[in-house]
Structures are given as C-alpha cells and as structure tokens.
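*Asks:*
Numbering (our numbering), first residue to last: 69 to 644.
1) Check the C-beta distance from residue 273 over to residue 244 and give it rounded, since I have them as a contact under 8 Å.
2) Just to confirm before moving on: does the CB-CB distance between residue 233 and residue 246 stay below 8 Å?
3) Give me the DSSP bridge partner(s) of residue 140.
4) For residue 161, which of helix, strand or coil comes out of DSSP?
5) So for residue 604, helix, strand or coil by DSSP?
6) Among 619, 147, 314, whose alpha-carbon lies nearest the alpha-carbon of residue 547?
7) Give me, in chain order, the residues of the same chain whose beta-carbon lies closer than 6 Å to that of residue 439; leave out the 5 immediate sequence neighbours on both sides.
8) Could you tell me which residues DSSP pairs with residue 207 in its beta bridges?
9) On the criterion of 16 or more Cβ atoms from any shown chain inside 10 Å, does residue 145 qualify as buried, or is it exposed?
10) Alpha carbon to alpha carbon, what distance is there between residue 197 and residue 209?
11) Looking at the strands, I want to know which residues DSSP matches up with residue 415.
12) In the DSSP output, which residue or residues are listed as bridge partners for residue 379?
13) Ignoring anything shorter than 4 residues or poking outside the segment 484–564, list the alpha helix (DSSP H) runs there in chain order.
14) Taking the CB atoms as reference points, tell me whether residue 442 and residue 473 lie closer together than 8 Å.
15) Under 8 Å, with one C-beta from each stretch per pair, do the segment 319–329 and the segment 574–582 reach the 3-pair mark?
16) Per the DSSP calculation, residue 315 is bridged to which residue(s)?
17) Where does residue 281 land, buried or exposed, given buried means 16+ other C-beta within 10 angstroms?
18) Based on the DSSP secondary-structure assignment, which residues constitute the bridge partners of residue 126?
19) DSSP puts residue 578 in a beta bridge; with which residues?
20) Could you tell me the alpha carbon to alpha carbon distance between residue 494 and residue 486, rounded to whole angstroms?
21) Would you call the segment 346–354 and the segment 463–470 touching, i.e. three or more CB-CB distances under 8 Å?
22) Return helix, strand or coil for residue 368, following the three-state DSSP convention.
23) Beta carbon of residue 529, beta carbon of residue 342: below 8 Å?
24) In whole angstroms, what is the alpha-carbon distance linking residue 118 and residue 166?
25) State whether the segment 417–430 contacts the segment 185–204, with contact taken as three or more CB pairs (one from each stretch) at a distance under 8 Å.
26) What is the rounded straight-line gap between the Cα of residue 154 and the Cα of residue 269?
27) How many angstroms separate the CA atom of residue 616 from the CA atom of residue 594?
28) Strictly by DSSP, which residues pair up with residue 251?
29) Quick check: is the beta carbon of residue 326 nearer than 8 Å to any beta carbon in chain C?
30) In the DSSP assignment, find the alpha helix (DSSP H) that holds residue 590 and state where it starts and stops.
31) Under three-state DSSP, which class holds residue 472?
32) Just verifying my parser: in three-state terms, what is the DSSP assignment at residue 264?
33) Taking only three categories from DSSP, how would you classify residue 572?
34) From 614, 271, 207, 278, pick the residue whose C-alpha is nearest to that of residue 239; which is it?
35) Answer yes or no: do residue 324 and residue 577 have a C-beta to C-beta separation smaller than 8 Å?
36) Closest to residue 195 by CA distance: which of 456, 619, 572 is it?
In structure tokens form, the structure reads like this:
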C-alpha cells in the first residue's frame, strides 16, 4: 500500500512558530495630561437634540482602488492640518449644522441637517470626464439617519458615508466622527462603467465639528431606573454567579482593498496574468455582546454556537490605545489601562481534491471606539462609547479595518488572555539601553511606520484565479480577540465566497458571499461534531490557549490512500 501524506499548519491568530517576545504586556499605565471623567448613572436619559457646525473634515481616498478604476483626484483648498491616519483636511462652513441626539453623555444618532465643505476634490475619470466635489455637502439621508450623503454643488449624490463611529469629545464641546466608510452611489458606479461597483468602499472620512446648541448630557428620566454597569468578574447580586465576557461575531462582509503588482506599483492583471500580483481583501465586521441577563437566550439565532453559557453578560472595556482612561478610569472599570479588542482575518482555499491551504492572513486591527446599537435592553443602549453593554452591537467598517495606522503584528498580542504588549510595540518601541524604557505614547513622526500596504492581508492572484484552481471552495474567516472572553469560537466566524476579477476596477472581489457560520475554518473542513467518513478533528486546550488538529484520508484506489492533515494554532502564544 502506498500512502501519500500532506501536513499543513494554519494560523488563526498566531503562527506555529513561537510568538515574538512581548515586552511588558500589561505594563503600568500612563497619563497623557488629561483624564476624561465618565460618570456612571443609574437611569435612562430624556431625549434631546444638540447641533454642531463648523470645524474641519478629513478625507482619505483608497488610491489603490481608484488607480484600478482609472480615477485620479485633484484637491482644492485643503487646510494645514494632518493626522496619523493620513487624511487630507478641509474647513467646514459655519452654516447649516448636523442635529444629533445625546443621552447619558454619549452621542446616540443623527436626527438631520447638513454640513458643507470649503473646497474639496475633482474626480478625473478614465473617459476624460470630471466630477466636481468642491464645496460639497454632507447631508443626513432622509429615512436613514445612519448615513450621510455627499451631495455635489449641482445636486447629484455621488458618494455616501456609513459605518459612522462618533462621540462627544473635548468635554462635550466637539462632535467628532472618528471614522466612516465613504462608498460609491449607483450614479458613480454607472459613470465608472460597472453597476456592481455601487456601495464599494473607496475611502473614509473623519470630522471634528463645534457643538453650538447643547443640553444636559446626563439628563435623566426619574421614572426609569437601570441596573449598575457590570464589569467582568463582578458578583451578580443575590446569586453565586459573576458577570462574564462573551463577545459574538454577528456578521462579516468582505470588500476589495486594492491590488498591486508585486507591491512595486502598477495593477494586478487578472486571471492568467503574467504579474501574479497581490490582492487584498478586508472585512466589515459586526459584533454583538452576549444577550443573556439571567437566562439563556440566543445571541446569534440558528447557530449551534449562538447561545452563551454565561447567564449574565458583562460590559466589555473598549479604550483607545494610549488613551485617557489609564490612571483614572470610569467607576470600577477593570484593568486600569487602555484595554480594547483586536480583529484579525484569514483566507483559506479548499481544493477540488479536498486539501486545505491558508492563502492569506492580516495583521491585528486595534479597535478604539464602540457604538452601542440595537441593544437588547433599553438601558444598555445608553452606555459610554468605550464600553459594549448587554446585547449591544457595533460595526467596524471596511475602511476602518483597512487603516494600517491602527494595525500591528500578531506577535504583539497574547491572544488567549487578550493582552497587548504596548511597551516595545511598533507604536512605542523601546528606547535607550534600559530594558522596558518606553515613552508611553505614539511615535511622534509616524505612529507605527506602516505603509498603506503593511499588515494588510495579501493573496497572490494565482491563488484566486479560478482557471488555476478549478472547483475550489474559499473560506473567509474573521475573529475578535477579547480580554476575559470565555468562548473564542463564537467570537470568530467564517463564510464562503467566490474570488472574481472585476475588469472595471482591475481588482479581485469576493462575490456570492454566503454560508455564514460561527467558528473557525478548520471546523468547516472537518466538523468536530459530525466528521465525515475517514476524517477526524481534535482540540488541544489548556490555560494558555487552543489548537486543533484535523485529518482527512482519501481513497485513491488500487490500495493507495492520501492523508491530508491541518494543524491550526488558534490562540496559543507566550510572552517572553
């Protein structure tokens, strides 16, 4: 009997090699000179409307995508302002204004209104025509206040923003949009030459506007009381239980982020091309906190992993790296540092012969803000923007996750514990000869010295080309690593899709996205609960992390068998 053997190491969060040293993974906190107080109140707020105008707006185009579409941009009237995320800034007119609801010290949603830019951009299209976006207006969409339409001076809507992450800052004097995807409207997709490009993310915006009509941000309704905010490990009153962290990945949507010829400029050239360039895909990821409040209910209905074993959901800390909560955090907040979750994504191909290969892996996206939406309880939706409360949802958009200034290497994370080694990280490298000497803040010139392609998930065109991989199945996987999370498997999810070359944009897209399911890709290859014939999956688990080993045996006929093995290190790593 002849036996063929093939072994493959998969990596969900860490590689099979030892993790790089993590310097001072839970180092002492620092103070950036301003401690923002967040008051925890025990009542729901009265609805009220505030307004903001003026200030400035930053725009960052995805020029890798625009280059493939044959679009170039020309700016007119930018102001002398910069930020680490490489936006180009413009002034906003002190007229009109955005109206928004405020409750319990947090901005909840837009009510209406608009803001107009001073200056802006002209888009030059491949056919020689132009679209003039100078002095354009961002207007709250009628019937959908989660979106801002970008309206040109001639009244056309060419782009819009969604996945808006906003908060009150500067002691409630500023309404700040921290991140928002900038997406193509159908009218612009038609001008480019392909209706399928509608809703594609091609940039992002950030905004700081001045609050000029304000109210009492902590105004309360005396007739409605709410329970105190439960942190991880806090005892549940009148029980022997404690509040626990269990974060779920609710949904993923994958978009193209760019395509380059061997990272040296130029485009990919599609199926059968000679350049074999690098394509990048990135997810928009929606998370949701456990919905249990004393009894088990489905957080993700219909999924075997969709119900938490923790009967009482804890709030999840979500503080910006090098943030303001380090020496004086909210009342009883855990950790006393800038704890936040981390997002990664991977791409796998299952060949027609049943073998599996990992063909792409991202760096780590460091989250920095949360918007509590669609909460399962009325009171939960009024939490501050740095805590995810009971049953609340949040979405990190495509451009947000593709922002390499917020991405670092996986080796800086202890994923099983959710601890980041800030001191000695790419944002705060060691200085001098003394061990552990760090500045305690971002690099002054460039926060992490990443380029626009560093830490992206890169996949060779030949790995996506359907002619080179006939009848292959592709799995996209994304995962949040969260401190104190009791179940890593419902914090990750996979789905299938079809890599497709888009001629109009000269990019690889992930079409026909379907079959969403919680859990890792290796469990889609060999089910641990119902393995097919001649296959098996086993888990290795201890306090330091999880790993999985799966095998498939294929009868080749004539007494010959092939064995395909996959070893997936999910979250085992040691800080040295």
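All C-beta atoms, glycine included, are put in the ideal place defined by N, C-alpha and C.
*Replies:* With the given structure in hand:
1) With a Cβ gap of about 12 Å, residue 273 and residue 244 do not count as contacting.
2) Taking 8 Å as the cut-off, the beta carbon of residue 233 is found closer than this to the beta carbon of residue 246.
3) Paired residue(s): 192.
4) Judged by DSSP in its simplified three-state form, residue 161 adopts coil rather than helix or strand.
5) In this structure, residue 604 counts as strand in the three-state DSSP scheme.
6) The shortest C-alpha separation from residue 547 is found at 314.
7) Excluding positions up to five away in sequence, the list reads 233, 462.
8) Residue 207 is bridged to 182, 217.
9) When all chains shown are included, residue 145 counts as exposed.
10) In a straight line, the C-alpha of residue 209 is about 27 Å away from that of residue 197.
11) BP columns for residue 415 point to 428, 544.
12) Residue pairing by DSSP places residue 379 in no beta bridge whatsoever.
13) Complete alpha helix (DSSP H) runs here, min 4: 529–532.
14) Using a Cβ distance threshold of 8 Å, residue 442 and residue 473 do not count as a contacting pair.
15) Touching, yes, given that three or more Cβ pairs across the two stretches are closer than 8 Å.
16) DSSP output for residue 315 lists 357 as bridge partner(s).
17) When all chains shown are included, residue 281 counts as exposed.
18) According to DSSP, residue 126 bridges with 157, 274.
19) According to DSSP, residue 578 bridges with 567.
20) Per the coordinates, the alpha-carbon of residue 494 lies some 18 Å from the alpha-carbon of residue 486.
21) When C-beta atoms of the segment 346–354 are compared with those of the segment 463–470, three or more pairs fall below 8 Å, so the two segments count as touching.
22) In the three-state reduction of the DSSP assignment, residue 368 falls in the coil class, being assigned neither a helical nor a strand state.
23) Not closer than 8 Å, so no.
24) Whole-angstrom Cα-Cα distance: 8 Å.
25) No, they do not touch.
26) Taking the straight line joining both Cα atoms gives about 17 Å.
27) Going from the Cα of residue 616 to the Cα of residue 594 covers about 11 Å.
28) According to DSSP, which records beta bridges pairwise, residue 251 is partnered with 228, 269.
29) Note that chain C does not occur in the displayed structure, where there is just one protein chain.
30) Residues 589–593.
31) In the structure shown, residue 472 sits in a helix (DSSP, three-state: H, G or I).
32) If DSSP states are grouped into helix, strand and coil, residue 264 belongs with the helices.
33) Residue 572 falls in the coil class under three-state DSSP.
34) Among 614, 271, 207, 278, the Cα nearest to that of residue 239 belongs to 278.
35) Yes; because the gap between Cβ atoms is below 8 Å, this pair is in contact.
36) Nearest to residue 195 by alpha-carbon distance, out of 456, 619, 572, is 572.
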